[in-house]
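Numbering (full-length UniProt numbering), first residue to last: 1 to 189.
For each residue, glycine too, the CB sits at the ideal point set by N, CA and C.
The next block holds one structure in the form of structure tokens; read it before the comments.
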């Protein structure tokens, strides 16, 4: 890779990291493009070479985050449906722990209706895809009401994630283990 391309990639990543940190710390609305440029240690003009607006920057952050979400649904060879659900749940919370700022931002955006309106279609499509994959895997695992259980699972995992993001001493690993025990017991019956 050329020196120029490496520098471009480094600048882009600095901008994305700075924006994510500031959006998570202050909120999307309270963060200015100027603050992002300062945090990234670049000029405002250079930032505008990469992104036309704060909204475009936010969309890029969300696209990258959603790629991780989609990857959590990749099915390793040889797993039973129940094992896959466990794998997916563990992978989801690994992502949460690894990129806490992204998830803080993502969850806070859902409470900001004006921001959400600009992302409504993307979020709705993503949620629909998640529910379809959960429904499919729950049906394969023997669930008698896979659609309803997919909604319940999605809401439960979302609630666990919110508690983890809000409460400093939330026992995430203990909660995940307990949830998985209950899920396996339910699907085995």
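Please give the ranges of any beta strand (DSSP E) in the stretch 113-164, keeping only runs that are unbroken, at least 3 residues long and fully inside the region.
none
Start and end of the alpha helix (DSSP H) containing residue 45?
44-50
Beta-carbon proximity check, residue 141 vs residue 76, cutoff 8 Å:
no
Own chain partners of residue 170 with C-beta closer than 6 Å, once the 5 adjacent residues on each side are dropped
If you ignore the 5 residues before and after residue 170, its C-beta comes within less than 6 Å of the C-beta of 163 and 164, all in its own chain and listed in chain order.
Looking only at its own chain, which residues have a Cβ that is under 8 Å from the Cβ of residue 126, when we skip the five neighbours before and after it?
Cβ within range, chain order: 66 and 69.
The stretch 86-104 / the stretch 42-54 touching (three or more Cβ pairs under 8 Å)
no
Taking C-alpha atoms, which residue in 1, 177 and 31 lies nearest to residue 105?
31
Taking all protein chains shown into account, do 16 or more other C-beta atoms lie within 10 angstroms of the C-beta of residue 144, making it buried, or fewer, making it exposed?
exposed
Which two residues bound the contiguous alpha helix (DSSP H) that contains residue 102?
That run of the alpha helix (DSSP H) goes 100-109.
Would you kindly report the start and end of the unbroken alpha helix (DSSP H) that includes residue 11?
3-26
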